[in-house]
Ligand code: PMP
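Numbering (our numbering), first residue to last: 2 to 389.
Spelled out as C-alpha cells, the structure:
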C-alpha cells in the first residue's frame with residue numbers, strides 16, 4: 002500500500018537536532034548540541050509532594066477530562082505573573098498549551114494559509130520553522146545584528162501574517178534585544194500593521210540583570226505571547242501558554258480543542274501546587290546561578306582554545322553560545338570530525354529559513370558540567386585547527 006501523502010506532510014522534515022542527538026547519544030561523546038535543560042535543576046522533591054497532594058485532595062478532577070482553556074487557577078497565576086512583567090492581560094486571554102511548542106503550532110494553524118508570508122528572524126528557532134512549515138507559508142527572513150532584528154528590514158514583511166520574534170536570549174544566537182531595539186521594532190511592526198508572535202521561554206534565565214519588558218507590553222492588541230514552564234521547572238511536563246489579544250482567543254481555543262482537547266490536567270494541577278506560593282522566586286535564581294557558572298566555563302574555554310578567526314558574543318542569559326567560524330567554513334562537514342573527536346554541536350544552517358550560513362554553529366552550555374565543557378571545547382578547537 003502506498004499512501005498518498007498530504008502536501009503538508011511533504012513539508013515536514015526530521016529535526017536535524019534530533020538526528021544529531023541520536024549520534025551523540027553514543028557513550029563518550031560530549032554533546033553541546035541538545036538544548037536540554039540541566040536535569041539537576043528539576044525540582045523533584047517539590048513535584049513529588051505536589052503530585053501527592055493533588056492525588057490526595059482532588060484525584061478525580063485531576064484525572065478527568067477538563068476545560069480546553071486550561072486549569073483556572075493556573076491561568077490566573079500566568080496572568081498575574083505577566084502583569085508583573087508589564088503586560089496587561091486577564092486570565093481569559095491565557096490558553097494553557099502542551100508546551101509552548103504547541104502554541105507555535107496553534108498560531109500557525111490559525112494564522113497561516115498556503116502561500117501566506119511569515120516573517121522570521123535570521124537565524125531563528127528551528128522548532129518554529131518546523132511548526133509553521135506544514136501550513137505552507139513563504140518565509141521572509143529578517144536580517145539581524147547582535148541586538149536582534151533590524152527594524153527597517155521589517156519593511157520586507159509588509160502584508161505578512163505575522164513576525165515571529167525571540168527577544169530574550171534567542172535560540173540559537175543567545176542574544177537579547179535592548180530596550181531601544183524593542184521600541185524601534187515594535188513601532189515599526191505597528192506602523193506596518195504586522196502582528197508579532199513573541200516567544201519567550203528563556204526570559205527568566207538572565208544572569209546579570211532582567212531583560213527589558215516583553216514586546217507585547219508595547220503593542221498588546223497586535224502581539225501573541227508564548228511562555229513555557231520547560232526552562233524554569235521541567236520540560237517533560239509539557240506545559241506552556243499562549244496569551245493572545247481577545248479577538249484571536251476563540252480561534253486559538255478551537256484549534257486547541259481539535260488538537261488535544263486539553264493539556265493534561267494532572268500536570269497543570271501539580272505545577273500549580275508547586276508554584277502557587279512563590280516557589281519560583283527561590284527556585285529560578287538557583288537555575289540562573291548554575292547556568293551562569295556554566296556560561297562562564299564555556300566562555301573561558303572558548304577564549305582558551307578556539308583558533309583565531311572565530312567570533313562569538315557572550316550571552317547574558319539563556320542556554321546558548323552562537324559561534325561564527327572563519328569565512329568559508331562548513332560546520333555541517335565539520336560535525337562528523339568533531340564527533341570522532343568526542344564532541345557534538347548543532348550546525349547553524351539548521352536555524353535559517355533560507356540562505357543558511359554554513360559557517361555558524363550552536364553550543365549549549367547548560368547540559369554538561371564545567372569539566373566536560375572544557376574538554377568539549379578543546380575537542381572542537383582541535384577539530385577546527387585540523388579541518389577548519
Ligand atoms: N521556543 C523556543 C525558542 C525554544 O527553544 C523551545 C524549546 N527548545 C520551545 C519554544 C518549545 O518549548 P516547550 O514546548 O518545551 O515549552
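For glycine and all other residues, C-beta sits at the position ideal for the given N, C-alpha and C. None of these values were measured; they are calculated from a predicted model.
DSSP state of residue 280, grouped into three classes? helix
Contact set for residue 209: own chain, Cβ-Cβ below 7 Å, skip 5 residues either direction: 317
Label residue 181 either buried or exposed according to how many other C-beta atoms from any shown protein chain fall within 10 Å of its C-beta, with 16 as the threshold for buried. That one is exposed.
At the level of alpha carbons, what is the spacing between residue 220 and residue 91? 16 Å
Looking at the unbroken beta strand (DSSP E) that takes in residue 384, where does it start and where does it end? Element bounds for residue 384: not the beta strand (DSSP E) but the alpha helix (DSSP H), 371 to 388.
Between residue 198 and residue 242, is the Cβ-Cβ spacing less than 7 Å? no
With C-beta atoms as the reference, is residue 245 less than 7 Å away from residue 253? A Cβ-Cβ contact shorter than 7 Å links residue 245 with residue 253.
Using DSSP with H/G/I as helix, E/B as strand and the rest coil, what is residue 241? Three-state result, residue 241: strand.
Can you tell me the Cα-Cα spacing of residue 15 and residue 102, whole angstroms? Going by the C-alpha atoms only, they are around 15 Å apart.
Would the C-beta of residue 242 count as close to ligand 1, meaning under 6 Å from any of its heavy atoms? No.
Between residue 66 and chain C, is there a C-beta pair that is closer than 7 Å? The chain labelled as chain C is not found in the depicted structure, where only one protein chain is given.
With distance defined between alpha-carbon atoms, name the residue in 381, 69 and 286 nearest to residue 234. 286
Does the beta-carbon of residue 201, which I'm using as the reference point, lie nearer than 6 Å to any heavy atom of ligand 1? no
Helix, strand or coil at residue 26 according to DSSP, with G and I counted as helix: coil
What distance in whole Å lies between the Cβ atoms of residue 346 and residue 364, which are believed to be in contact at a cut-off of 8 Å? 5 Å
May I ask you to verify whether the segment 51 to 67 touches the segment 259 to 279, counting CB pairs closer than 8 Å and requiring at least 3? Judged by pairs of C-beta atoms under 8 Å, the segment 51 to 67 touches the segment 259 to 279, as three or more such pairs exist.
Pull up the DSSP beta-bridge partners for residue 164, would you. 120 and 197
Please find out if some non-hydrogen atom of ligand 1 comes closer than 6 Å to the beta-carbon of residue 229. yes
By Cβ distance, which residues of its chain are closer than 6 Å to residue 362, with the 5 residues on each side in sequence left out? 324, 332, 346, 348 and 349
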